[in-house]
Amino acid sequence: MTNLNIPNGITVSGIVAVLVYVFGYLTNNAIMMIIGFSWTGLSDLLDGFLARRLHQETKLGEFLDPLRDRLLLIAVAGNIISISGLKSILNLWSLILGLTELGIIMMVVSAHVARKIQLKVNIVGKIRQTGHLILMIMVIVDFYAGFNPFNLSLNSVLKMMAVLSFASFTFYLGRYLTSLKRTP
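Residues in the sequence shown are numbered consecutively from 1, following the UniProt record's numbering.
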């Protein structure tokens, strides 16, 4: 199966959309942020569905999909940190969030490169990603649209994101350690 296919193209466009999001928040352009964020989220839904539907699943796609998800998460967490003015309690939750996501990236890359093992996306990862997307939308609506219908503080949002990431991290860690036992 060639790596040059529609689902992988959509995934790569989602990675580019993360850069659009980052540029949007660096230039305080809410429209660019919404476009980048929306396309990244939509690409997350489309690429996997099309890969399965068109029978075009590839190892590259299995690697790029979670990478795109984590890049978006890191971009939004960076945005939240910059909005918050680096308050100390937010730093704690940001550190937990960043370290758990970095840990997942390291496990996936290590398993993929060194052992040729795929740590595929699972229901725990999907729940984490969905939760993060919902929370990120809340932050964009609150901070950039100028109203807070959800009445959530940045501390609450980061705390919930960190808890979701830590749950996902522990699940992936268990799968990673199990996969190491099975391979020579």
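Each residue gets a CB set at the ideal place from its N, CA and C atoms; glycine is no exception.
With a Cβ-Cβ cutoff of 7 Å, do residue 144 and residue 30 count as a contact?
Yes; because the gap between Cβ atoms is below 7 Å, this pair is in contact.
My output table needs one value for residue 56: the three-state DSSP class, helix, strand or coil.
Here residue 56 sits in coil by DSSP.
Comparing alpha-carbon positions, which option in 102, 42, 10 and 19 lies nearest residue 173?
Closest option to residue 173, Cα to Cα, is 102.
Let me check understanding here. Comparing Cα to Cα, which of 176, 3, 11 and 156 lies closest to residue 81?
Nearest of 176, 3, 11 and 156 to residue 81, Cα basis: 156.
According to DSSP, simplified to helix, strand and coil, what is residue 168?
DSSP places residue 168 in helix when its eight states are reduced to three.
Excluding sequence positions up to five away, which residues of its chain have a Cβ less than 8 Å from the Cβ of residue 43?
Hits under 8 Å: 10, 11, 13, 14, 17 and 68.
Have a look at 27, 160, 28 and 64 and flag the residue whose alpha-carbon is nearest the alpha-carbon of residue 4.
Checked all of 27, 160, 28 and 64; the closest Cα to residue 4 is 64.
How many whole angstroms separate the CB atoms of residue 40 and residue 72, which I take to be in contact at a CB cut-off of 8 Å?
About 5 Å; that satisfies the 8 Å criterion.
In chain order, what residues of the same chain have a beta carbon less than 8 Å from the beta carbon of residue 160, not counting five sequence neighbours either side?
Hits under 8 Å: 131 and 135.
Which value, in whole angstroms, describes the spacing of the CA atoms of residue 33 and residue 78?
Rounded to whole angstroms, residue 33 to residue 78 spans 13 Å at the Cα level.
Sort 35, 175, 153 and 168 by Cα distance to residue 70 and report the nearest one.
Of the listed residues, the one whose Cα sits closest to residue 70 is 168.
Using a Cβ-Cβ cut-off of 7 Å, state whether residue 12 counts as contacting chain B.
Although the question refers to chain B, the structure presented lacks it and comprises just one protein chain.
According to DSSP, is residue 149 helix, strand or coil?
Coil, per DSSP.
Determine the DSSP secondary structure at residue 8, reduced to helix, strand or coil.
DSSP places residue 8 in helix when its eight states are reduced to three.
Measuring straight from C-alpha to C-alpha, what distance separates residue 36 and residue 21?
Taking the straight line joining both Cα atoms gives about 4 Å.
Let me make sure I understand the geometry here. Which of 165, 55, 180 and 178 has the alpha-carbon closest to that of residue 191?
Given a span of 1 to 184 for the chain in the structure shown, any question on residue 191 remains unanswerable.
Classify residue 79 as helix, strand or coil using the three-state DSSP reduction.
Of the three classes helix, strand and coil, the one that applies to residue 79 here is helix, per DSSP.
Using the C-alpha atoms, what's the distance from residue 62 back to residue 19?
Distance between the alpha carbons of residue 19 and residue 62: 20 Å.
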